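One structure is given below, encoded as structure tokens.
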Amino acid sequence: MDKDKALTRAAALCSAGEQCSGDIHDKLLRWGCPEEDAAEIVARLVGERFIDDTRYALAFTHDRIRYARWGRVKIQYALRQKGIDGEAIATALRAIDDEWSEEYGEALRHTLAKCPVDSSADYETRQRQRARQLRHAASHGFTAAECRE
0 MDKDKALTRA AALCSAGEQC SGDIHDKLLR WGCPEEDAAE IVARLVGERF
50 IDDTRYALAF THDRIRYARW GRVKIQYALR QKGIDGEAIA TALRAIDDEW
100 SEEYGEALRH TLAKCPVDSS ADYETRQRQR ARQLRHAASH GFTAAECRE
């Protein structure tokens with residue numbers, strides 16, 4: 000694929016929805032662009048604000064809280080896997096407390112409700128159920144401290 004066609008295709012993809020620089024770079028390579036052309040195209044898209052990793056991290060975080068009901072640990076890990084820099088991740092995680100705390104709390108409550116604890120059961124059973132509930136919450140990226148609150 001020639002460079003101009005790849006740029007047009009990548010710009011169209013970025014216009015359709017938020018994309019991170021790492022994903023676009025990988026797609027360009029899969030489309031057959033040479034490494035140096037892919038890096039140049041990504042740099043141009045970043046310069047023209049088609050790609051903004053901080054904006055992507057915020058949108059990704061919000062979507063994962065609202066629709067997938069993920070916790071901050073799982074979100075942070077997924078953003079790191081996508082190659083998002085630490086500052087953008089920190090900005091997105093701060094937004095959880097600043098802007099989406101109610102949605103985040105609802106996601107946690109929903110996750111905990113998936114594994115209820117029977118208050119009428121004996122002590123050992125309640126402890127096993129609570130441990131199962133905490134493991135389930137941890138698998139969704141919530142910390143034990145968040146589950147206790």
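Just so you know, we're using numbering that gives the first Met the number 0 here: the sequence shown kicks off at 0 and counts up by one. The beta carbon of each residue, even a glycine, is placed where N, CA and C say it ideally should be. Just so it is clear, the structure is predicted and the values come from calculations on it, not from any experiment.
For the alpha helix (DSSP H) that residue i lies in, which residues bound it at each end?
{"i": "residue 127", "result": "122-138"}
{"i": "residue 118", "result": "Element bounds for residue 118: n/a, residue is neither H nor E."}
{"i": "residue 93", "result": "85-97"}
{"i": "residue 51", "result": "It is not in any alpha helix (DSSP H) - residue 51 carries neither H nor E in the DSSP assignment."}
{"i": "residue 67", "result": "Per DSSP, residue 67 belongs to no alpha helix (DSSP H) and is neither H nor E."}
Apart from the five residues on each side of it in sequence, which residues of its chain come closer than 6 Å, Cβ to Cβ, to residue i?
{"i": "residue 114", "result": "131, 132 and 135"}
{"i": "residue 49", "result": "10 and 13"}
{"i": "residue 58", "result": "17"}
{"i": "residue 2", "result": "36"}
Here's a check: name, in chain order, each residue in its chain whose Cβ is nearer than 8 Å to the Cβ of residue i, leaving out the five neighbours to either side.
{"i": "residue 110", "result": "68, 70, 135, 136, 139 and 141"}
{"i": "residue 28", "result": "34 and 37"}
{"i": "residue 160", "result": "Lying before the first or after the last residue shown, residue 160 is absent from the chain, which here runs from 0 to 148."}
Determine the DSSP secondary structure at residue i, reduced to helix, strand or coil.
{"i": "residue 142", "result": "coil"}
{"i": "residue 59", "result": "helix"}
{"i": "residue 113", "result": "coil"}
{"i": "residue 80", "result": "helix"}
{"i": "residue 18", "result": "coil"}
{"i": "residue 3", "result": "helix"}
Just to confirm my understanding: we take residue i, look at its own chain, exclude 5 residues before and 5 after, and list those with CB closer than 7 Å. What are they?
{"i": "residue 52", "result": "19, 20, 83, 84 and 87"}
{"i": "residue 75", "result": "88 and 92"}
{"i": "residue 73", "result": "139 and 140"}
*Pairing CB atoms from the segment 34-41 with CB atoms from the segment 66-84, are three or more of them under 8 Å?*
no
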